[in-house]
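> If you scroll down you'll find the structure; I have some questions about it.
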Amino acid sequence: MSDIDPNTAADFFALVLLVGAVLLAAALTRPAARAALAADAVRLSALVAAGATGGSLYFSEVANFQPCQLCWFQRIAMYPIAVIGVLATVRRDRAVLPYLGALAGIGGAVSLYHIYIQAYPERSSVCDASVPCSSRLVEGLGWMTIPQMAAVSFAVIITLTVLGTRVDRKASR
127 MSDIDPNTAA
137 DFFALVLLVG
147 AVLLAAALTR
157 PAARAALAAD
167 AVRLSALVAA
177 GATGGSLYFS
187 EVANFQPCQL
197 CWFQRIAMYP
207 IAVIGVLATV
217 RRDRAVLPYL
227 GALAGIGGAV
237 SLYHIYIQAY
247 PERSSVCDAS
257 VPCSSRLVEG
267 LGWMTIPQMA
277 AVSFAVIITL
287 TVLGTRVDRK
297 ASR
């Protein structure tokens, strides 16, 4: 087991995500910052996905939380974003932006459904009784669950990929 309490780790992950999302929203209001974000969309998407991947691996491999079925689907969307994003950053390949955005969209939809299931556990038909999707293993900052953290990560990645793709389309005209 880890020396770091899972609730402390959840607080850290939630805080980093919220600060990043607020900074992203603030940057979107300034044209120069928007251009810089668009230029670094692949790298920043990879960074967010790598952080989310690290967080999910911490919770399962260090804190020993067994992922539920919906968590697995979110991982299936997030992990490739991290790998493809890092490889595309190294190769300076912006053509992957639509694919990263599509994966993030799928993962984000699963995250939103997972959040719904946590709010209304009686409406779930997907979950396994031994590892229920409705459980709230940790709550970062006292309220942010793991699926909510995933949803914020996916939303940030979607925003970056849309921004980067739009800039690329304008430049190719």
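Going by this note's numbering, the sequence shown opens with residue 127, and the numbers climb by one from there. Where a beta carbon is used, it is the ideal one built from N, C-alpha and C, also for glycine.
For alanine 178, which residues from the same chain have a beta carbon less than 7 Å from its beta carbon, with the 5 sequence-adjacent residues on both sides left out?
Excluding sequence neighbours, alanine 178 sits near Met204, Ala276 and Ser279.
> Is it right to say valine 236 is buried, meaning 16 or more other beta carbons lie within 10 angstroms of its own, or is it exposed?
buried
> Please state the DSSP three-state secondary structure of valine 252.
Valine 252: coil per DSSP, three-state reduction.
> Excluding the 5 residues flanking alanine 189 on each side, which residues of the same chain have their C-beta closer than 6 Å to its C-beta?
Pro132
> Could you give the C-beta distance for cysteine 194 and valine 257, rounded to a whole number, given that I count them as a contact under 8 Å?
5 Å
> With arginine 169 as the anchor, note down where its alpha helix (DSSP H) starts and where it stops.
Element bounds for arginine 169: 167–183.
> Could you give the distance in angstroms between the alpha-carbon of serine 171 and the alpha-carbon of valine 209?
11 Å
> In its own chain, which residues sit with a C-beta less than 6 Å from the C-beta of isoleucine 283, not counting the 5 before and 5 after it?
Taken in chain order, the residues that qualify are Ser171, Val174 and Ala230.
> Going by DSSP, what residue range makes up the alpha helix (DSSP H) through alanine 189?
Counting along the chain, alanine 189 falls outside any alpha helix (DSSP H), and DSSP gives it neither H nor E.
> In chain order, what residues of the same chain lie with their CB nearer than 6 Å to the CB of isoleucine 243, ignoring the 5 residues before and after it?
Contacts found: Ser250, Cys259 and Ser260.
> In terms of alpha-carbon separation, which member of Phe139, Val168, Val142 and Ala136 lies closest to threonine 285?
Val168
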